[in-house]
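In the working numbering, the protein residues as written are 16 to 179.
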């Protein structure tokens, strides 16, 4: 392959095998050497930055994608709660506005309907009829959710036993 020091190359490893990724890393090293040889004034740090930008692209689209993922994230079944909690928390904590009440409300809105309603009702019982999203922490929301989820599971087990 021929490389030009005045060109920024884009690298994409999505779906590549380990062998292909190693091959691409070798090409990146060659590009780095071209940059070093043709632009002796560029520091190693600047070259590394050029390679990273070429490898990852413009990261601003990740923030937009993150917001879209959070807005559409749903926990369809009670058994998916751990996955939902982990994904939601990972995505929301990457945001500078992660403590906004909107995201805390969205966390509960993404739960299965019955669970979300039971959690909101439990919170209202503890906070004089309101859900104070601005005061609640994510840990508190998760704790309320886990307690109500356990109650639902216990109720379902009890119903199964009564049917037998």
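Cβ coordinates follow ideal geometry from the N, Cα and C atoms, glycine included.
By the criterion of a C-beta distance shorter than 7 Å, residue 90 is surrounded in its chain by 96, 99, 125, 126, 127, once the five residues flanking it on both sides are discounted.
Restricted to the region 109-158, the alpha helix (DSSP H) segments that are unbroken, complete and at least 4 residues in length are 116-124, 128-141, listed in chain order. In the three-state reduction of the DSSP assignment, residue 22 falls in the coil class, being assigned neither a helical nor a strand state. Residue 137 is positioned such that its CB atom lies closer than 7 Å to that of residue 163.
C-alpha of residue 147 to C-alpha of residue 140: approximately 12 Å in a straight line. DSSP places residue 91 in the coil class of the three-state scheme, outside both helix and strand. About 7 Å separates the beta carbon of residue 31 from that of residue 39, a gap short enough to meet the 8 Å contact definition. When the beta-carbon positions are compared, residue 107 and residue 118 come within less than 7 Å of each other.
For residue 101, the uninterrupted alpha helix (DSSP H) run begins and ends at 96-107, by DSSP.
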